[in-house]
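Here the protein sequences line up with chains V and C, keeping their order. Read in order, the letters of the first sequence are residues 132 to 462 in my numbering. Read in order, the letters of the second sequence are residues 132 to 462 in my numbering. From the three backbone atoms N, C-alpha and C, an ideal C-beta is built for every residue, glycine too.
2 protein chains.
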Amino acid sequence: MNTLTNPAGSPGTVPSEHVQPVAAQGGNDVVLAFDIGGTDMKSGIILGDLAQGDVQVRDVQRHPTPLEAGRTGESVCGRIVELTAVYRAAHPELVISAVGVTVPGIVDEEAGVGVFSANLGWKNFPFTATLTEALGLPVGFGHDVGMAGEAEFRLGAAVGKKDVLIMVIGTGIAGAVLCDGSRVAGGGYAGEIGHAMVPAPDGSLAIMESLGSAGAIARRYTEATGTAVSGARDVLALAAEGDAAAKTVWKDAIDALAFSIAQCVSILGTETVVLGGGLSMAGAVLFEPLAARVDELLTFHRRPEYLHAALGENAGLIGSALKARTMKDTA
Amino acid sequence: MNTLTNPAGSPGTVPSEHVQPVAAQGGNDVVLAFDIGGTDMKSGIILGDLAQGDVQVRDVQRHPTPLEAGRTGESVCGRIVELTAVYRAAHPELVISAVGVTVPGIVDEEAGVGVFSANLGWKNFPFTATLTEALGLPVGFGHDVGMAGEAEFRLGAAVGKKDVLIMVIGTGIAGAVLCDGSRVAGGGYAGEIGHAMVPAPDGSLAIMESLGSAGAIARRYTEATGTAVSGARDVLALAAEGDAAAKTVWKDAIDALAFSIAQCVSILGTETVVLGGGLSMAGAVLFEPLAARVDELLTFHRRPEYLHAALGENAGLIGSALKARTMKDTA
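Next up, the structure:
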């Protein structure tokens, strides 16, 4: 990381990108990225020659999201401005030349607007315009899982793939869909695979994440047995030991996840499924029964490959930085 | 259609496209289009200034598809060559300057290959290469429902829409999906919504077209009652008269169709649903309960509008002609 210690670095003084690939991106130019969640907002400095697939994340911080009835959009932007000043003071050797911001909910990325978030309470809040004016910097704004997907498509597990479903399986489930090499926006409404209906074990219909998410696995086990668990991992461990209720809850989760994957394969010709989020860490215990169940739901269709998300929990930050870099380069 | 009687017409002699829009496309230049089905192959002359949304279909013919074990691809191409000569002889005033061909099954449109068709029995047959060589003309080759969708997107019901699901509901069900303004190819595997799983009335899973297609509606009514019907229209009429079995079969069909539409809305942000094929002629009896049922399956999602396919049963022919015209213009 020696290029970062070169305070004189600037695009004009770099003799060759082959000699100093990081400097070629703009010397000590970095993107400061924010991932706004319902409880915390995560931030971090993204550096490296992103166009070359070289990415590093530094000084990751978490702060409480400043929820404020009716004006959370405004207070989040205010906090981003404050934190940008804090990061600048802490890293005088770096030039924060762009900002990335991801938010959950319905997002109009083209317009730079947070259309709706149930947890955060905004409606049509103009993040890009507000932050561009307040910071005087290019802003890469997008949906949190969409941006994580973008990062996986461009730098991570899905590089070179054309028809991809990325699912981030945590407390809930959100997705990003790549068709023919482009991420589907759907006017900000695409990717809500966790809220698509699936057949429930009792014969009714349920939203997919109410059966397939890590949160649902823990909750459903406790509901079935009265036994508290700390999370889906406990349920998986119990299932491995032969606990009948844990096995049932786990099978239901696999069925729900597989059903939604098979929908994408049938409708979109999905060739690659990238799984991220806490539950994906289960590895083969998840991937193997999932692939087998998807297979049962298909006939003449493609059979997708299954990959683990490569960029980890900072994928959203990285995706927004990629977008911010694009904004900056085309500004 | 007076421009067609101008045998001297050619692009060079047309003074203004505003005066003679059809001639502006190339005088008496036309596309001969073929829609290859499992039983019949339909053909017709497509003329008009396609780029201006002006399209006419003339001399539509149906001939038996020359099924030939192991070489149906070859025999279909042979028949296309013969019929092109027949059309030329019958229409000496027209110049057939390109050919459009649509086929069912898995189709690699980019490579011009019929990858697989269960009904027609080919595997990786190179339609575009075979016909281009045999005819010496540009060939617009594609999936039948995909090309019908393309036509609806460019000239029909879905003009100006960005996120569209087209379903053609006949004996079976096939779809075409438009995301962010582009038709999804999925390597030839996209659009198989009729073969996506849906919850069946008995609590199991079934492929969607086994409940929602016109063919399934007639078959399931006969299975339930022992009463033969001539088609789904009979079942609809019986349901309107209060026949309990007909009402159940119809409700099951609506549930299946709505389930698949809601999947698209959740995953892709679909804003417009275009329905074509025989069953779509049922009109409000289909559209109203369908929209109501989709609504029940959604929460914060988009609510799609429902449109009747505008180009009728010749949409596939028109779509392949549009593609052929593009091939010709870029040749």
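Task: Proximity to C:A265 [Cα-Cα], best of C:M339, C:A377 and C:G209 - done: C:G209
Task: Segment limits, alpha helix (DSSP H) that includes C:A347 - done: A345 to T356
- [ ] For V:E283, I'd like the list of residues in its chain whose CB is within less than 7 Å of its CB, leaving aside the five on either flank, ordered along the chain.
- [x] A289, I297, V405, A440, A441, L442 and A446
Task: Environment of V:S361 [buried if 16+ CB atoms lie within 10 Å] - done: exposed
Task: Span separating the alpha-carbon of C:I338 from that of V:G231 - done: 43 Å
Task: CA-to-CA distance, V:A387 to V:A331, given in whole angstroms - done: 8 Å
- [ ] Any chance you could list the beta strand (DSSP E) runs of at least 3 consecutive residues sitting entirely within the stretch 249 to 303 of chain V, in chain order?
- [x] 254 to 256, 270 to 274 and 295 to 300
Task: chain C contact residues for V:E402, given Cβ-Cβ distances below 9 Å - done: G317, G318 and Y320
Task: Among C:G291, C:G346 and C:G334, nearest to C:A305 - alpha-carbon criterion - done: C:G346
TODO: Under 8 Å by Cβ, that's how I've got C:G277 and C:G322 pegged, so tell me the actual separation to the nearest angstrom.
DONE: 6 Å
- [ ] Label V:G291 either buried or exposed according to how many other C-beta atoms from any shown protein chain fall within 10 Å of its C-beta, with 16 as the threshold for buried.
- [x] exposed
Task: Status (buried if at least 16 other CB within 10 Å, exposed otherwise) for V:K454 - done: buried
Open item on the list: Along the chain, where does the beta strand (DSSP E) containing V:A337 start, and where does it finish?
Closed with: L336 to I338
TODO: State the Cα-Cα distance for the pair C:D383 and C:D374, rounded to the nearest angstrom.
DONE: 14 Å
TODO: Can you tell me which of the three DSSP states V:S361 falls into?
DONE: coil
Open item on the list: Counting only beta-carbon separations shorter than 7 Å, does V:C208 have a partner in chain C?
Closed with: no
- [ ] Determine the burial state of V:F477: buried for a count of at least 16 other Cβ atoms within 10 Å of its Cβ, exposed for fewer.
- [x] Because chain V in this structure spans residues 132 to 462, residue 477 of chain V falls outside the shown range and cannot be described.
Open item on the list: By alpha-carbon positions, which one of C:R364, C:K293, C:N159 and C:Y320 ends up nearest to C:E224?
Closed with: C:N159
- [ ] Could you check if C:A139 is buried or exposed, using at least 16 other CB atoms within 10 Å of its CB as the buried criterion?
- [x] Reliability fails at C:A139, whose pLDDT of 34 lies under 50, so the model's placement of it is uncertain and the value that follows must be treated cautiously. Exposed, by the Cβ-count rule.
Task: Backbone CA spacing between V:T353 and V:V366 [nearest angstrom] - done: 9 Å
Task: beta strand (DSSP E) segment containing V:L438, residue limits - done: E436 to H439
TODO: Give me the Cα-Cα distance between V:V329 and V:F247, rounded to the nearest whole angstrom.
DONE: 24 Å
Task: Inter-residue spacing [alpha-carbon to alpha-carbon] between C:F258 and C:D166 - done: 13 Å
Open item on the list: Let me confirm a value: V:D294 is counted as buried when at least 16 other C-beta atoms fall within 10 Å, else exposed. Which label applies?
Closed with: buried
- [ ] Could you tell me the distance, in whole angstroms, from the CA atom of C:L268 to the CA atom of C:A260?
- [x] 11 Å
- [ ] For the alpha helix (DSSP H) containing C:G231, list its first residue and its last residue.
- [x] Not the alpha helix (DSSP H): C:G231 falls in the beta strand (DSSP E), residues V226 to V234.
Open item on the list: Just to make sure I have the definition right: I need the residues of chain C whose C-beta is within less than 8 Å of the C-beta of V:A327. Which are they?
Closed with: A393, Q394, S397 and I398
- [ ] Would you mind sorting V:S451 into buried or exposed? The rule is 16 or more other CB atoms within 10 Å of its CB.
- [x] buried
- [ ] Can you grab the Cα-Cα spacing for the pair V:D180 / V:I449, in whole Å?
- [x] 12 Å
Open item on the list: Using a Cβ-Cβ cutoff of 9 Å, what residues of the stretch 284 to 299 of chain V are near chain C? List them in chain order.
Closed with: K293, D294 and L296
Task: Whether C:A393 touches C:L421 by CB criterion (7 Å) - done: no
TODO: With a cut-off of 8 Å on the beta carbons, I'd call C:G319 and C:V238 a contact; round off their distance for me.
DONE: 5 Å
- [ ] Quick one: grab the DSSP three-state call for V:Q156.
- [x] Caution applies to V:Q156, whose pLDDT of 45 falls short of 50 and renders its modelled position unreliable; the value that the coordinates give is listed next. V:Q156: coil per DSSP, three-state reduction.
Task: Whole alpha helix (DSSP H) elements within the stretch 394 to 455 of chain V, 4-residue minimum - done: 415 to 427
TODO: Over the uninterrupted alpha helix (DSSP H) stretch that includes V:V212, give me the two end residues.
DONE: T203 to A221
- [ ] Please list the partners that C:E281 has in chain V, where partner means a Cβ-to-Cβ separation under 7 Å.
- [x] By Cβ distance, chain V contributes nothing, its closest Cβ being about 14 Å from C:E281, past 7 Å.
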